[in-house]
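Quick note: the sequence shown uses the working numbering, first residue 195, plus one each step. The beta-carbon is built from N, C-alpha and C at its ideal position, and this holds for glycine as well. Shown next, in structure tokens, is the structure this report addresses.
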Amino acid sequence: MAHKTSFLSVPAQEALRPEIRHFPTALNGNPFAGVPRPELDDAWHQLLQNDNIYLSRATLDSLGLKSIYTRNGSYGIASLSVFHALHCLKLVRRMMYKEYYHSNISGVALQRQLKHADHCVEYIRESLMCKPDISLVTFRWINDTAQHPKQPASFYPTNFDVSEHDCMKWEILNDWAGRRVFNLYDVDLLDRPED
Numbered sequence: 195m196a197h198k199t200s201f202l203s204v205p206a207q208e209a210l211r212p213e214i215r216h217f218p219t220a221l222n223g224n225p226f227a228g229v230p231r232p233e234l235d236d237a238w239h240q241l242l243q244n245d246n247i248y249l250s251r252a253t254l255d256s257l258g259l260k261s262i263y264t265r266n267g268s269y270g271i272a273s274l275s276v277f278h279a280l281h282c283l284k285l286v287r288r289m290m291y292k293e294y295y296h297s298n299i300s301g302v303a304l305q306r307q308l309k310h311a312d313h314c315v316e317y318i319r320e321s322l323m324c325k326p327d328i329s330l331v332t333f334r335w336i337n338d339t340a341q342h343p344k345q346p347a348s349f350y351p352t353n354f355d356v357s358e359h360d361c362m363k364w365e366i367l368n369d370w371a372g373r374r375v376f377n378l379y380d381v382d383l384l385d386r387p388e389d
């Protein structure tokens with residue numbers, strides 16, 4: 195049974211199933227965190243493989259949305275907002291390691307990437323504030339070196355996420371998108387403006 199979490203009538207609503215889960219916040223062994231490496235890039239690629247989807251033109255019209263359409267006009271291309279936010283998170287993450295990911299760009303190209311990253315930070319902020327997770331994050335003392343000049347060197351408080359989170363089952367939503375995936379770069383299938 196689909197979980198009603200929206201005032202909007204959107205196609206992916208049928209793929210929402212609630213679940214309670216803990217966030218595994220450990221960085222060691224996390225395929226999405228750490229220094230750049232092939233396994234990390236592959237994990238992010240797999241996470242975003244269902245980014246672009248096709249929906250019937252009638253569905254988009256019923257929502258008052260316009261898009262790029264297939265040559266026959268039957269389908270429009272879209273992306274679930276969650277995938278755009280994940281794309282943005284990946285881009286911001288890559289900017290943290292720009293010497294690795296963007297070592298060959300400078301000038302206008304680098305400024306374009308920085309502007310894109312700025313858009314992404316804003317999109318992630320809006321997304322988080324739109325669907326706020328109100329689970330509690332508590333704190334604990336860490337015995338370590340000082341992280342701030344005004345803190346003593348031996349102990350400092352840090353957040354410690356042990357709370358349960360009210361989530362949606364990602365696999366079901368991702369499968370829903372996967373059944374509608376569209377390669378946006380297969381431009382020969384798209385109705386293009388005349389050059």
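Could you have a look at R334 and say whether DSSP puts it in helix, strand or coil? strand
Rounded straight-line distance, which links the Cα of E388 to that of I318: 34 Å
Thinking C-alpha only, which one of L257, R334, D327 is nearest L202? L257
Under a Cβ-count criterion, where at least 16 other Cβ atoms within 10 Å of its own Cβ denotes burial, should N244 be classed as buried or exposed? buried
Please report the straight-line C-alpha distance between D312 and A209, rounded to a whole angstrom. 31 Å
Rounded separation between V315 and C282 - CA only: 7 Å
With burial defined as no fewer than 16 other Cβ atoms inside 10 Å of the residue's Cβ, what is the status of S273: buried or exposed? buried
Could you tell me whether the Cβ atoms of S329 and D360 are closer together than 9 Å? yes
In chain order, each alpha helix (DSSP H) run of at least 4 residues that lies wholly inside the segment 200 to 274: 232 to 241, 251 to 256
Starting from the Cα of D382, find the closest Cα among R265, W364, I336, I271 and give me that residue. R265
Please work out which residues of its chain come closer than 8 Å, Cβ to Cβ, to E358, disregarding the five sequence neighbours upstream and downstream, and give them in chain order. I214, R215, H216, S329
Can you tell me which of K292, T352, P326 puts its alpha carbon nearest to the alpha carbon of R334? T352
Decide if G270 is buried, meaning its Cβ has at least 16 other Cβ atoms within 10 Å, or exposed. buried
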